[in-house]
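Numbering (the UniProt record's numbering), first residue to last: 1 to 203. Glycine residues also receive a C-beta, built at the ideal position from the N, C-alpha and C atoms. Presented below is the structure to which this report refers.
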Amino acid sequence: NKSRALFRRVPVLGVLCVDVMLCQCLSAVVTFLFFRQVRQNIINDQERAGWTGNCYAWINGLSGVFQFFVIPMIVTRWNMLGLWAIMPAIMGFLTFCMAWTTQQQQEDTRFQTLSIVAGAFSTMKILEYSFHGVCNELLFASLDYESRHVGKQEIALLANRFSKSLTAVTLSLLTKYMTSRRLDCILSWTACLFTIPWFFSSL
Numbered sequence: 001n002k003s004r005a006l007f008r009r010v011p012v013l014g015v016l017c018v019d020v021m022l023c024q025c026l027s028a029v030v031t032f033l034f035f036r037q038v039r040q041n042i043i044n045d046q047e048r049a050g051w052t053g054n055c056y057a058w059i060n061g062l063s064g065v066f067q068f069f070v071i072p073m074i075v076t077r078w079n080m081l082g083l084w085a086i087m088p089a090i091m092g093f094l095t096f097c098m099a100w101t102t103q104q105q106q107e108d109t110r111f112q113t114l115s116i117v118a119g120a121f122s123t124m125k126i127l128e129y130s131f132h133g134v135c136n137e138l139l140f141a142s143l144d145y146e147s148r149h150v151g152k153q154e155i156a157l158l159a160n161r162f163s164k165s166l167t168a169v170t171l172s173l174l175t176k177y178m179t180s181r182r183l184d185c186i187l188s189w190t191a192c193l194f195t196i197p198w199f200f201s202s203l
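Structure follows, in structure tokens:
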């Protein structure tokens with residue numbers, strides 16, 4: 001009841017809740033696909049750990065650069081709504097490339113598929129760690145204290161935890177009942193489709 005009253009009083013929090021939920025679901029699916037591709041294409045454990053570690057190092061480094069240097073300059077020149085809309089647009093393009101490549105994947109193009117999936121995963125994480133977080137904080141800063149404080153708690157509970165738990169259960173069931181190739185194709189196109197409602201929720 002308290003959540004409904006808050007979302008009715010401050011409609012933008014309801015929109016933000018949907019936005020965060022879609023973003024978290026997309027992030028979970030892309031992350032799942034990334035680690036599946038890494039396991040399938042890099043057999044050696046040490047090489048796989050090193051490759052994944054390098055990927056995360058680039059993600060953390062670029063996220064820091066964007067958060068502390070690039071975003072402060074962009075925010076002063078761009079409308080915040082433009083930043084919100086460009087994130088799902090970027091991921092829509094990358095997940096489409098990922099889905100198309102995964103569907104067409106052959107034995108001699110598997111490393112190409114891994115590279116594209118890794119690119120989508122890295123971009124998703126950089127956007128999530130930097131742009132998305134900053135945009136959310138800017139929105140919260142414009143609200144009154146009660147809406148900001150309670151809204152953060154409700155969105156953390158409803159959007160973050162619920163969406164992650166639901167996605168994890170769904171992925172577990174799909175992994176159990178589907179073949180590897182079919183699962184990769186379905187999840188890749190699902191990730192692409194997630195960007196459509198995410199884009200419209202950001203407008």
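### Euclidean distance between Cα positions of T195 and L26
8 angstroms
### Task
If I'm right that T102 touches D184 with Cβ under 8 angstroms, what's the distance once you round it to whole angstroms?
Their Cβ separation, rounded to whole angstroms, is 5 angstroms, which keeps T102 and D184 in contact under 8 angstroms.
### Task
Could you work out which residue in C17, V134, V29 is closest to A168 when comparing CA atoms only?
V29
### Message
Less than 7 angstroms between C-beta atoms, sequence neighbours within five positions excluded: which residues of the same chain meet that for T190?
### Response
V29
### Query
Taking only runs of the alpha helix (DSSP H) that begin and end inside the segment 67-101, which ones reach a length of at least 4 residues, in chain order?
Correct list: 71-77.
#### Entry: Backbone secondary structure at I196 - three-state DSSP
helix
### Task
Reducing DSSP to helix, strand and coil, say where I186 ends up.
helix
### Task
Leaving out five residues on either side along the sequence, give the residues of the same chain with a beta carbon under 8 angstroms from the beta carbon of T123.
I90, M91, L94
### Query
Looking at C-alpha atoms only, which residue of S142, L114, S201 is the closest neighbour of N41?
L114
### Task
Would you mind stating whether A118 and C192 have Cβ atoms separated by less than 8 angstroms?
no
### Message
Using C-beta distances below 7 angstroms, list every residue in its chain close to L62, excluding the 5 sequence neighbours before and after it, in chain order.
### Response
Counting only Cβ-Cβ distances below 7 angstroms, and skipping sequence neighbours, we find I126.
### Query
Can the beta-carbon of L6 be found less than 8 angstroms from the beta-carbon of E154?
yes
### Task
Inspect the beta-carbon positions of S130 and Q67 and report whether they are closer than 8 angstroms.
yes
### Task
Identify whether residue 204 lies in helix, strand or coil by the three-state DSSP scheme.
The requested residue 204 does not occur in the structure, where the chain is confined to residues 1 to 203.
### Pair within 8 angstroms by beta-carbon distance, residue 230 and A85
Nothing about residue 230 can be reported from this structure: the residues present for the chain run from 1 to 203 only.
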